[in-house]
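Our numbering numbers the first residue of the sequence shown as 4 and each following residue consecutively.
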Amino acid sequence: MEHARGLFLKVQARRLWAPVIAMALVVLASNVAVQYPFTTWGLEDYLTWGAFTYPVAFLVTDLTNRRYGASAARLLVVAGFVVALAASVVAATPRIAFASGTAFLVGQLLDIGVFNRLRRLAWWKAPLTGSLVGSALDTALFFTLAFAGDVTDLATYGAGALTATVPVWIGWAVCDFLVKVAMALAMLVPYGALLGIVRPVVEARAS
């Protein structure tokens, strides 16, 4: 049993080295980018740069899931988490690293589960639904763990009678999720373009 398990892990390691590196780079870049407000067009109270980089992680996970299945995708998430967390402790604050790691694990594992349930439906439903559900939980966890009680600046959002003054990190979280929705839709373009290349291994062997 131990020999078979070791052989399985070696095979998976050979398969997943490229996705693991890609995932680690995405999460590391996002941990740094999320510390910088998006100042273009005066949106510093609404967004951080991390909103534009992190959704790529769902693309990497979904392509791995499609190619090798849910078990390999989970190994990717765990390996990517370990590598990225170690690097993020140096590149970001410990609190950001902890928040990112926790949100990453929960959000990505949820994405894998949703993707796996929907993988036999229309090609776009599994990656889009998994990314949206995973992003919602990831965003809520990350911004709460990273900034609640620390970032105390307030900002007023809305217009006219429909306004609310809340901590700026809540505004970041809401706007971050809206950008992730747009990015999830945008990520369907490369996902769809790679469908003919990143084929399930069982299907590929049969052809």
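Don't be surprised by glycine CBs; every beta carbon is placed ideally from N, CA and C. Here the structure is a predicted model, which means the values were calculated and not measured.
*asked:* Based on DSSP bridge pairs, tell me the residues matched to G161.
replied: BP columns for G161 point to T166.
*beta strand (DSSP E) runs contained entirely in the region 34-71, provided each spans 3 or more residues*: With a minimum length of 3 residues, no continuous beta strand (DSSP E) run stays inside the region 34-71.
*What whole-angstrom Cβ distance do T64 and I115 have, given they're in contact under 8 angstroms?*
About 6 angstroms separates the two Cβ atoms, so the contact holds.
*Exposed or buried, W172, counting other C-beta atoms within 10 Å across all chains shown (16 or more means buried)?*
It is buried - the Cβ of W172 has at least 16 other Cβ atoms within 10 Å.
*Since A27 contacts G53 with CB under 8 angstroms, what's their CB separation in whole angstroms?*
Their Cβ separation, rounded to whole angstroms, is 15 angstroms, which puts A27 and G53 out of contact at 8 angstroms.
*How many Å lie between F11 and A75 at the Cα?*
In this prediction, F11 has a pLDDT of 46, which is less than 50 and means its spatial position is unreliable; what the coordinates show is noted afterwards. Between the alpha carbons of F11 and A75 lies a distance of about 10 angstroms.
_So, under 8 angstroms CB-CB, H59 and V29 are touching, yes? Tell me the CB distance rounded to an integer number of Å._
Looking at the sequence shown, residue 59 is not His but Val. Indeed they touch by this definition, with Cβ atoms about 5 angstroms apart.
_Proximal residues to L197 (C-beta, below 8 angstroms), its chain only, five neighbours per side dropped_ = Once the five neighbours on either side are set aside, the close Cβ partners of L197 are L66.
*Ignoring anything shorter than 4 residues or poking outside the region 80-137, list the alpha helix (DSSP H) runs there in chain order.*
Within the region 80-137, the complete alpha helix (DSSP H) runs of at least 4 residues are 97-121.
*Please list, in chain order, all residues of the same chain as N119 whose beta carbon is under 6 angstroms from its beta carbon, the five residues on each side excluded.*
If we look at N119 and ignore the five residues flanking it on each side, its Cβ neighbours are A73.
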